[in-house]
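In this note's numbering, the protein residues as written are 7 to 413. All C-beta atoms, glycine included, are put in the ideal place defined by N, C-alpha and C. Here's the structure, in structure tokens; my notes come after.
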């Protein structure tokens, strides 16, 4: 009887405990740029902000750079492309038909999956997001993830098996991953078939990967989106090399201490808030946003430099723009450096600092932050860098390097 009881305990434990087929070599996923053939039909991203975290997901770009991770969900596995977002911990996937999605991707139907499980609202894994409401009749837990511009993902909280295909064609899976089965997505979130939340909260998929990951974004300036490669490395595969700076984790976001901003090697007057964690890294934001006077100083310094070369600025919405092309004006354009506590730095060369919005003009890829004391480092500012996150040691690593060279 004791043996039978022990068998049942072990069996039940295995049924509810997440399992992971750990790869014998680095776990690295090649990311898909939105404008590749796999993703070319997706509509444009609208700027969003999660209201319960007060952090902006901003995109003034008409066709913002977005990176998607290819995964498969359920059993049998259904291929999906998920928007990679370090500014959110919650992963969700469209459930049911999607008229606006890439035709090569099949719709995920939880009814057809043998590994789909509903989750109750009171299992203790949820902190600040999403908003949850129990359904007494069915035992389901409904979620609502609301964004600042009115976009919303609503559906059922569940667990599922997610399969990952690594860069070297290895297939690995994680079972019992908590995610949102999205039944209703409103007001413009039409990127891929869902979102891969890489924030640090308990509901994040990162808990299956030793709380360590790195992202390497290749140059976005090429007309050929297949010319370079970008990667997401999870767990032991994460590359944590280069300069490091302390990491502060608050409200589901990754905060750093930005200490100095310089333009062409000259420090601008320091208007940075002394509050710890005055800057976040958020791949859900397209460009660099600087708080108040810091933005004004950077804009004025760049304006003054370019006016000396007969390049006069004009406004396009919230952006400062200039006539011509980046390629033809490259030698005239400045660099901006961001230096963090203990010396780690990001250097934005002209191709990271400016973006060609139309054939005849380009714009400064920097905006004033919607948050009074908070700077946000978005995707364009991370080009040509490998950014490593070690949540256990509470450090972020910055390494300027070609992504193809390290993976």
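How many angstroms separate the CA atom of residue i from the CA atom of residue j?
i	j	result
residue 93	residue 210	11 Å
residue 332	residue 171	36 Å
residue 325	residue 117	46 Å
residue 404	residue 157	32 Å
residue 161	residue 123	14 Å
residue 315	residue 390	28 Å
residue 81	residue 355	45 Å
residue 402	residue 143	45 Å
residue 72	residue 395	20 Å
residue 34	residue 357	26 Å
residue 306	residue 299	10 Å
residue 285	residue 182	33 Å
residue 3	residue 309	A question about residue 3 goes unanswered here, because the residues of the chain that appear run from 7 up to 413.
residue 407	residue 353	12 Å
residue 398	residue 217	7 Å
residue 360	residue 275	22 Å
residue 169	residue 225	28 Å
residue 52	residue 136	At residue 52, the pLDDT of 32 sits below 50, so the modelled position is not reliable; the number obtained from the coordinates is stated separately. Roughly 20 Å between the two C-alpha positions.
residue 373	residue 339	17 Å
residue 370	residue 97	32 Å
residue 295	residue 99	29 Å
residue 412	residue 243	11 Å
residue 386	residue 145	43 Å
residue 190	residue 256	29 Å
residue 188	residue 313	50 Å
residue 173	residue 264	34 Å
residue 192	residue 273	44 Å
residue 287	residue 91	10 Å
residue 219	residue 247	12 Å
residue 176	residue 86	17 Å
residue 277	residue 348	19 Å
residue 249	residue 141	48 Å
residue 114	residue 322	40 Å
residue 271	residue 120	58 Å
residue 39	residue 75	9 Å
Measure the Cβ-Cβ separation of residue i and residue j and say whether it is below 7 Å.
i	j	result
residue 221	residue 240	no
residue 151	residue 159	yes
residue 37	residue 198	no
residue 388	residue 254	no
residue 245	residue 392	yes
residue 186	residue 149	yes
residue 410	residue 235	yes
residue 126	residue 147	yes
residue 350	residue 251	yes
residue 291	residue 384	yes
residue 84	residue 112	yes
residue 166	residue 304	no
What residues are listed by DSSP as bridge partners for residue i?
i	result
residue 328	368
residue 277	Paired residue(s): none; residue 277 is not in a bridge.
residue 73	39
residue 139	148
residue 162	148 and 187
residue 252	401
residue 268	273 and 343
residue 396	218 and 401
residue 100	188
residue 355	In the DSSP output, where bridge partners are listed per residue, residue 355 has none listed.
residue 322	325
residue 297	Answer by DSSP bridge pairing: none, since residue 297 is not bridged.
residue 211	Its beta-bridge partners do not exist; DSSP assigns none.
residue 243	Answer is none; residue 243 lacks a bridge partner.
residue 362	368
residue 238	35 and 221
residue 381	285
residue 334	Residue 334 pairs with nothing; no bridge assigned.
State the CB to CB distance for the pair residue i and residue j, rounded to an integer number of angstroms; the pair is presumed to be in contact (CB under 8 Å).
i	j	result
residue 293	residue 345	19 Å between Cβ atoms; not a contact.
residue 184	residue 163	7 Å
residue 328	residue 317	5 Å
residue 269	residue 214	Between residue 214 and residue 269 the Cβ distance is about 42 Å, and since that is not below 8 Å, they are no contact.
residue 363	residue 330	In fact, because the Cβ distance is near 12 Å, the residues do not count as touching under 8 Å.
Please confirm whether residue i has its beta-carbon closer than 7 Å to some beta-carbon of chain B.
i	result
residue 400	Protein chain content of the structure displayed is limited to a single chain, and chain B is not contained in it.
Check whether the Cβ of residue i lies closer than 6 Å to any heavy atom of the ligand ADP, and answer yes or no.
i	result
residue 91	Absence of the ligand ADP from the depicted structure is noted, as is the absence of any ligand whatsoever, leaving it without description.
*Evaluate contact between the stretch 274 to 282 and the stretch 359 to 377, counting only Cβ atoms and requiring at least three cross-stretch pairs below 8 Å.*
no
*asked:* Closer than 8 Å is the cut-off here; do at least three beta carbon pairs connect the stretch 251 to 260 with the stretch 187 to 206?
replied: yes
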